[in-house]
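*Asks:* Residue numbers (this note's numbering): 2 to 486.
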Amino acid sequence: MANLPVHQYNKNMKLHKTLYLKLLLAYLLFGILSFLLVSTVTNRMILDNLTRTQADSLYRESQLVAVSYGSEIRQSGSARDDALTQLKALDTYISAEIRIIDSKGKQIMDSREDTGENSREFPDFDPTSSGTYYMTDDFYGAFSEPTLSVFYPITADYQVVGYVVIHTPMSSIYSSRDRILQISYLTVLMIQILSLLILIVFTYVVYHPLRKITHAAEEYANGNMDYETSIHGRDEMGYLAGTLKYMASEIARSEDNQRKFIANVSHDFRSPLTSIRGYLTAMIDGTIPPELHEKYLQIVLNETERLTKLTNGLLELNSLNPKGMVLSLSDFDINAVIKRTCETFEVQCDRKKITIELILSGETLYVRADKDKIQQVIYNLLDNAIKFSHNNSIIKIETTEKNDKIFVSVKDAGIGIPKDAQSLIFDRFYKTDLSRGKDKRGTGLGLAITREILQAHSQNINVISTEGVGSEFLFTLARSKDQRS
Ligand code: ADP
2 MANLPVHQYN
12 KNMKLHKTLY
22 LKLLLAYLLF
32 GILSFLLVST
42 VTNRMILDNL
52 TRTQADSLYR
62 ESQLVAVSYG
72 SEIRQSGSAR
82 DDALTQLKAL
92 DTYISAEIRI
102 IDSKGKQIMD
112 SREDTGENSR
122 EFPDFDPTSS
132 GTYYMTDDFY
142 GAFSEPTLSV
152 FYPITADYQV
162 VGYVVIHTPM
172 SSIYSSRDRI
182 LQISYLTVLM
192 IQILSLLILI
202 VFTYVVYHPL
212 RKITHAAEEY
222 ANGNMDYETS
232 IHGRDEMGYL
242 AGTLKYMASE
252 IARSEDNQRK
262 FIANVSHDFR
272 SPLTSIRGYL
282 TAMIDGTIPP
292 ELHEKYLQIV
302 LNETERLTKL
312 TNGLLELNSL
322 NPKGMVLSLS
332 DFDINAVIKR
342 TCETFEVQCD
352 RKKITIELIL
362 SGETLYVRAD
372 KDKIQQVIYN
382 LLDNAIKFSH
392 NNSIIKIETT
402 EKNDKIFVSV
412 KDAGIGIPKD
422 AQSLIFDRFY
432 KTDLSRGKDK
442 RGTGLGLAIT
452 REILQAHSQN
462 INVISTEGVG
472 SEFLFTLARS
482 KDQRS
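1. CB of Ser472 to nearest heavy atom of the ligand ADP: below 7 Å?
2. Are at least three pairs of beta-carbons, each pair with one atom in the segment 291-299 and one in the segment 460-474, less than 8 Å apart?
3. On a CA-only basis, which of Leu48, Val166, Asp125, Asp158 is nearest Leu65? Give me that one, please.
4. Which complete alpha helix (DSSP H) runs does the segment 97-131 hold, if anything under 4 residues is left out?
5. Following the continuous alpha helix (DSSP H) through His294, name the residue where it begins and the one where it ends.
6. Can you give me the Cβ contacts of Thr275 inside the same chain, cut-off strictly under 7 Å, excluding the 5 residues immediately before and after it?
7. Cutting at 7 Å between CB atoms, please list the residues of its own chain near Ala249, excluding the five before and the five after it.
8. Specify the secondary structure class of Gly224 as computed by DSSP and reduced to three states.
9. Phe152 by DSSP, collapsed to three states: which one?
10. Based on Cα-Cα distance, which residue from Arg53, Tyr228, Val202 lies nearest to Val151?
11. Taking the straight line between their C-alpha atoms, what separation do you get for Asp334 and Arg429?
12. Please tell me whether Tyr186 and Val42 are closer than 8 Å, where the distance is taken between their beta carbons.
13. Just the C-alpha distance for Glu344 and Ser267, rounded to the nearest angstrom, thanks.
14. Which residue's Cα is closest to the Cα of Asp139: Val207, Phe126, Ser130, Thr133?
15. Less than 7 Å between C-beta atoms, sequence neighbours within five positions excluded: which residues of the same chain meet that for Gln87?
16. Counting C-beta neighbours from all protein chains within 10 Å, is the total for Met487 16 or more, i.e. buried, or is it exposed?
17. In whole angstroms, give me the CA-to-CA distance for Asn265 and Tyr247.
18. May I ask you to check if the CB of Asn463 is nearer than 7 Å to at least one heavy atom of the ligand ADP?
19. Is the Cβ-Cβ distance between Gln55 and Leu200 less than 8 Å?
20. Does the pairing of the segment 387-396 with the segment 335-355 give three or more beta-carbon distances under 8 Å?
21. Looking at chain C, is there any beta carbon in it that lies within less than 8 Å of the beta carbon of Asn385?
22. Checking 8 Å against the spacing of the C-beta atoms, do Glu372 and Ile454 come in under that value?
23. When DSSP labels each residue in this structure, what does Ala143 get in the three-state scheme?
24. Report the CB separation of Ser481 from Val368 in whole angstroms; it is logged as a contact under 8 Å.
25. Please state whether DSSP places Met173 in a helix, a strand or coil.
26. Please tell me whether Gly314 and Ile462 are closer than 8 Å, where the distance is taken between their beta carbons.
27. Starting from the N-terminal side, write out each stretch of the alpha helix (DSSP H) that is 4 residues or longer and does not extend beyond the segment 315-382.
28. From this set, Thr204, Leu311, Ala370, Thr356, which residue's C-alpha is nearest His458's C-alpha?
29. Quick one: what's got a C-beta closer than 8 Å to Pro170's C-beta in the same chain, skipping five residues either side?
30. Rounded to a whole number of angstroms, what is the C-alpha to C-alpha distance between Asp82 and Leu59?
31. Could you name the residues that DSSP lists as bridge partners for Ser58?
32. Would you kindly check if the distance between the Cβ of Asn336 and the Cβ of Thr365 is under 8 Å?
33. Quick one: what's got a C-beta closer than 6 Å to Phe474's C-beta in the same chain, skipping five residues either side?
34. Where does Asn44 sit, in a helix, a strand or coil, going by DSSP?
35. Pull up the DSSP beta-bridge partners for Asp413, would you.
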């Protein structure tokens, strides 16, 4: 990741700019749409509502006219004149023109016309067709501007004989609507200003930290792993910055480990190769006489064995990734595995006159683990115990049970491990200074492999050691469930 070209990160910077632009565009769109909504939908709703309210009130008036003057209107003479006077008074009072039309569409009376009977005709007038009690047009060409016309039937002998129609110009409704619309526009504007606050907060809380984090990522990508962001909040941005910093430090640490690892490997490969080369050159140029060739070839062979062991150890460590290690778990008797492993060391023990004492809990002791890998753990520990033990000493292997765990201890009375080295012996390639003389073929990988196997089993290994007295390696295993039941 650290090797990715910087321009790829610059692309990300552009991305964030687009993010901000998108948000600005969304804000503008929100503003435009709000105003459009008010000018169309809200406008329509206000107009409909005001028209209906006005129509309702005029409907009540028309009903009053129809009930009060229905009979007089259709008469002639003074009764009719009286009715007209009344209509004119009402017209002034409610500021609306009142018209009486008979069932065939002929105008009988008009509060604003004195032209008399049948002055106008509205043959198309059919209140039943509209399904409602008002209309908002020019009333069959009677008006030059849109007018609200409300009608109510006049009945006699259960029959409709005419209609009371009250007209009022829509202009007054329009001006009421415009006043309410102005308030709506003002409200939308205030909401816009308030939402601008959200945009400003977003800029400071999200956008600026995001830019800083992107910059930090760029710095890490360029190898500046110590770069510090100024984001320390406890929110998601602070968490992201912290995680990124942690990731950078982990990369730096892993790079450092890798460097150390390669230095160690190179060193451990170089020394046997140097000695092999040295002996072979000396044999070819005659520095080592032919009668000594066998002795030195044996040394060369030993060195190649060491190289093989080293290569195998490395390959094994590579395949033992505790996170991805595939374990083939089974229930097996750990006591039997210990006994069998001890048998493989008989020759070495005889050579150093070492006795292995087994203090095993019970005849059999079942554990649940990967049998082959645990055998290798015991092998590595016993191998070290024998290697670092003095001649004529005793090695004790003990198994104990405690709750769900089985404890296995391998204890020797050998050279011991210095205190400050005890935490390092499980690292790859680590060898104590004490051991270098005793074990020239050691690779320093055995305990690293051991620990990784136990970690993969979610188990622990510890060491208790006193320099010059001896060492005890103690590890845990999970007890087999079968045996407990
Ligand atoms: P090696 O293959 O060299 O034995 P290990 O990883 O098994 O590598 O051990 C690492 C180092 O820990 C050894 O080189 C030695 O210095 C020390 N060590 C391990 N076991 C013992 C022990 N039983 N007694 C003393 N030192 C030990």
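Just so you know, even glycine gets a beta-carbon here, dropped at the ideal spot from N, CA and C.
*Replies:* Here's the rundown:
1. In the sequence shown, counting from the first residue as 1, residue 472 sits at position 471. Flag set: Cβ of Ser472 near the ligand ADP.
2. no
3. Start at 1 with the first residue of the sequence shown, and residue 65 comes out as number 64. Checked all of Leu48, Val166, Asp125, Asp158; the closest Cα to Leu65 is Val166.
4. 128-131
5. Here residue 294 corresponds to residue number 293 of the sequence shown, with the count starting at 1. Segment 294-320, the alpha helix (DSSP H) holding His294.
6. The count along the sequence shown starts at 1 and reaches residue 275 at position 274. For Thr275, where only same-chain residues beyond five positions count, there are no Cβ hits under 7 Å.
7. Counted from its first residue, the sequence shown places residue 249 at position 248. Correct list, in chain order: Tyr221, Met226.
8. As a working note, residue 224 is residue 223 in the sequence shown. Coil at Gly224, not helix or strand.
9. The sequence position of residue 152 within the sequence shown is 151, counting from 1. Phe152 falls in the strand class under three-state DSSP.
10. The residue labelled residue 151 in the question sits at position 150 within the sequence shown. For Val151, the nearest C-alpha among the options comes from Arg53.
11. Taking the sequence shown and counting its residues from 1, one reaches residue 334 at position 333. Taking the sequence shown and counting its residues from 1, one reaches residue 429 at position 428. Taking the straight line joining both Cα atoms gives about 30 Å.
12. Here residue 186 refers to the residue found at position 185 of the sequence shown. Here residue 42 refers to the residue found at position 41 of the sequence shown. Not in contact: Tyr186 and Val42 (Cβ atoms no closer than 8 Å).
13. Locating residue 344 in the sequence shown gives position 343, counting from the first residue. Locating residue 267 in the sequence shown gives position 266, counting from the first residue. Taking the straight line from one Cα to the other gives about 35 Å.
14. Residue 139 sits at position 138 when you count from the first residue of the sequence shown. Checked all of Val207, Phe126, Ser130, Thr133; the closest Cα to Asp139 is Phe126.
15. Here residue 87 is taken as the residue at index 86 of the sequence shown, counted from 1. Only Tyr70 meet the Cβ criterion.
16. Residue 487 cannot be examined here, being either before or after the span of the chain that is shown, 2 to 486.
17. Sequence index remark: in the sequence shown, residue 265 carries index 264 (1-based). Sequence index remark: in the sequence shown, residue 247 carries index 246 (1-based). Answer to the nearest angstrom: the Cα atoms are 26 Å apart.
18. To locate residue 463, count along the sequence shown from 1; it is residue 462. Because no heavy atom of the ligand ADP lies under 7 Å away, the Cβ of Asn463 does not count as near it: no.
19. Walking along the sequence shown from the start, residue 55 turns up at place 54. Walking along the sequence shown from the start, residue 200 turns up at place 199. No, they are not a contact pair.
20. yes
21. Reference to chain C is not applicable here, since this structure consists of a single protein chain.
22. Position 371 of the sequence shown, counted from the first residue, corresponds to residue 372. Position 453 of the sequence shown, counted from the first residue, corresponds to residue 454. Sequence inspection shows Lys at residue 372; the Glu mentioned does not correspond to that position. The answer is no: Cβ separation not under 8 Å.
23. Counting from one through the sequence shown, the residue named residue 143 turns up at place 142. Coil at Ala143, not helix or strand.
24. Here the question's residue 481 lines up with position 480 in the sequence shown. Here the question's residue 368 lines up with position 367 in the sequence shown. Right, their Cβ atoms sit about 6 Å apart.
25. Counting from one through the sequence shown, the residue named residue 173 turns up at place 172. Per the sequence shown, the amino acid found at residue 173 is Ser instead of Met. In the structure shown, Ser173 sits in a helix (DSSP, three-state: H, G or I).
26. Counted from its first residue, the sequence shown places residue 314 at position 313. Counted from its first residue, the sequence shown places residue 462 at position 461. Their beta carbons are not under 8 Å apart, which means Gly314 does not touch Ile462 by this criterion.
27. 335-345, 347-353
28. Along the sequence shown, one-based indexing puts residue 458 at 457. Closest by alpha carbon: Ala370.
29. Counting from 1 along the sequence shown, the entry for residue 170 is found at position 169. Here the set comprises Phe144, Glu146, Pro147, Thr148, Leu149.
30. On the sequence shown, position 81 is the one that residue 82 refers to. On the sequence shown, position 58 is the one that residue 59 refers to. Between Asp82 and Leu59, the C-alpha separation is close to 23 Å.
31. Position 57 of the sequence shown, counted from the start, is the residue given in the question as residue 58. According to DSSP, which records beta bridges pairwise, Ser58 is partnered with nothing at all.
32. Counting from 1 along the sequence shown, the entry for residue 365 is found at position 364. Counting from 1 along the sequence shown, the entry for residue 336 is found at position 335. Yes.
33. Translated into positions along the sequence shown, residue 474 becomes position 473. So the qualifying residues of the chain are Leu382, Val411, Val464.
34. Locating residue 44 in the sequence shown gives position 43, counting from the first residue. If DSSP states are grouped into helix, strand and coil, Asn44 belongs with the helices.
35. Counting from one through the sequence shown, the residue named residue 413 turns up at place 412. BP columns for Asp413 point to Ser472.
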